[in-house]
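Single-structure report; data block below.
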Amino acid sequence: MRNPPSESASSNGFAFLIKNRLHHALSEIGDAFRLLAETIFQIFRPPLQLDLLMKQLLFIGFNSLTVVLVSGFFTGMVLGVQGYVQLKPYAVEGSVAQFVSVSVVKELGPMITAFVLSGRIGASITAELSTMKVTEQIDALEVMGTNPVKYLVVPRFLACSFMLPTLTIFSTFAGIFGGYVAVVSLFGFNGDFYILQVQNNLYVGSVLISLIKATSFGMAIAAVGCYKGFSISTAGGAEGVGTATTGSAVISLITILVLDFVLNHILFNILGMI
0 MRNPPSESAS SNGFAFLIKN RLHHALSEIG DAFRLLAETI FQIFRPPLQL
50 DLLMKQLLFI GFNSLTVVLV SGFFTGMVLG VQGYVQLKPY AVEGSVAQFV
100 SVSVVKELGP MITAFVLSGR IGASITAELS TMKVTEQIDA LEVMGTNPVK
150 YLVVPRFLAC SFMLPTLTIF STFAGIFGGY VAVVSLFGFN GDFYILQVQN
200 NLYVGSVLIS LIKATSFGMA IAAVGCYKGF SISTAGGAEG VGTATTGSAV
250 ISLITILVLD FVLNHILFNI LGMI
């Protein structure tokens with residue numbers, strides 16, 4: 000028995016829509032990787048443009064320090080409270096410092112920092128570059144013989160790659176201190192014992208894992224932000240800038256989560272790092 004013509008047409012239309020969306024998504028992924036490859040190539044081509052790099056380092060690093068410290072501190076406080084409450088019924092609340100330090104160093108330190116910067120820096124990069132694209136400033140750079148990737152993308156890519164690990168270190172210390180404040184002030188935990196537990200469970204391998212993750216997240220944030228800024232149509236106008244900025248923040252968050260899973264599998268299961 001044949002399906003009614005209307006149902007068949009609806010099914011074909013849905014299949015075409017899915018195919019079109021999939022093709023568009025794969026095309027965008029390919030374009031993004033092409034921009035990433037060109038960015039890496041341009042990094043090693045002189046000149047280095049230190050003035051532009053220093054400007055981005057200041058904007059991404061120093062201007063983001065306060066929000067990173069506050070986020071890390073309260074993340075550590077939440078971990079301290081939750082860890083103590085969950086461990087106390089098993090009479091192992093003395094290991095709460097180990098729980099906080101390991102969680103912050105290996106996972107939440109780089110993740111929280113990346114989430115904060117994806118919303119603050121990634122969206123800012125996209126808004127700035129997309130505005131330049133709409134106002135044809137990027138076309139003007141090409142007319143003047145300046146490579147837009149070298150001039151606009153490389154400094155932002157390097158700054159994110161350098162500063163996100165640095166900010167992660169600050170976020171990690173803030174998180175450990177937040178856990179200390181929470182368990183000492185709320186539960187009367189021994190502060191000296193907390194510090195000793197942190198020292199005994201802070202390994203070089205754990206710090207290395209944190210820095211590897213943070214560097215990868217920084218590269219992803221910069222790559223997504225720059226690609227979304229460059230890919231906007233010049234006819235998009237203000238609405239297109241807003242759409243690109245929102246899309247950049249969402250895609251950055253998803254990319255960070257996917258990268259975190261992949262890096263956890265590689266670092267822990269394949270390389271055996273602890």
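In numbering that gives the first Met the number 0, the protein residues as written are 0 to 273.
All C-beta atoms in this analysis are idealised placements derived from N, C-alpha and C, irrespective of residue type, glycine included.
Approximately 5 Å separates the beta-carbon atoms of Q97 and Q196; this is inside 8 Å, confirming the contact. A contact is defined here as three or more CB-CB pairs under 8 Å, and the stretch 237-251 fails this definition with respect to the stretch 137-153. H23 and F267 have their alpha carbons spaced roughly 34 Å apart.
Taken through DSSP and simplified to helix, strand or coil, G144 comes out as coil. Here the C-alpha atom of S94 lies approximately 22 Å from the C-alpha atom of I168. When C-alpha distances from S251 are compared across G190, V69, V115, the shortest belongs to V115. Judged by beta-carbon spacing, S215 lies beyond the 9 Å limit of G108, meaning their Cβ atoms are not closer than that value.
By the neighbour-count criterion, in which 16 or more other beta carbons inside 10 Å mark a residue as buried, I175 falls on the buried side. Secondary structure at V115: helix, using DSSP grouped into helix, strand and coil. Put simply, the backbone Cα of H264 is about 38 Å away from that of G187. Apart from sequence neighbours up to five positions away, the residues of its chain that approach S70 with a beta-carbon distance below 6 Å are I111, V115, ordered along the chain. Within 10 angstroms of the beta-carbon of S232 lie fewer than 16 other beta-carbons, which makes it exposed.
Our two residues, S102 and F229, have alpha carbons roughly 37 Å apart in a direct line.
Only residues of its own chain outside the window of five on either side were considered, and among them none has a CB closer than 8 Å to the CB of I253. Between the beta-carbon of T65 and that of G177 there is about 15 Å, and that puts the pair past the 8 Å contact cut. Here I220 is near G121, since their CB atoms are less than 9 Å apart. Residue environment analysis places F156 among the buried positions, since at least 16 neighbouring C-beta atoms fall within 10 angstroms of its C-beta.
Here the alpha carbons of V261 and I269 stand approximately 11 Å from one another. DSSP places Q48 outside both helix and strand once states are collapsed to three, so it counts as coil. By the CB criterion at 9 Å, K227 and T125 fall inside the cutoff.
For L185, the uninterrupted alpha helix (DSSP H) segment begins and ends at 153-186. Distance check between V183 and each of L51, M272, E92, L57 places E92 closest, using alpha-carbon atoms only. When DSSP states are grouped into helix, strand and coil, S26 belongs to the helix group.
Ranked by how close their Cα comes to the Cα of F58, the residues F161, G239, V77, V84 have F161 in first place.
Every candidate beta strand (DSSP E) stretch fails here, since none sits fully inside the stretch 54-81 while reaching 3 residues. For E135, the secondary structure class from DSSP, reduced to helix, strand or coil, is coil. G271 sits in coil when the DSSP states are folded into three classes, being neither helix nor strand.
Note on P45: under 16 other CB atoms within 10 angstroms of its CB, so exposed under the neighbour-count rule.
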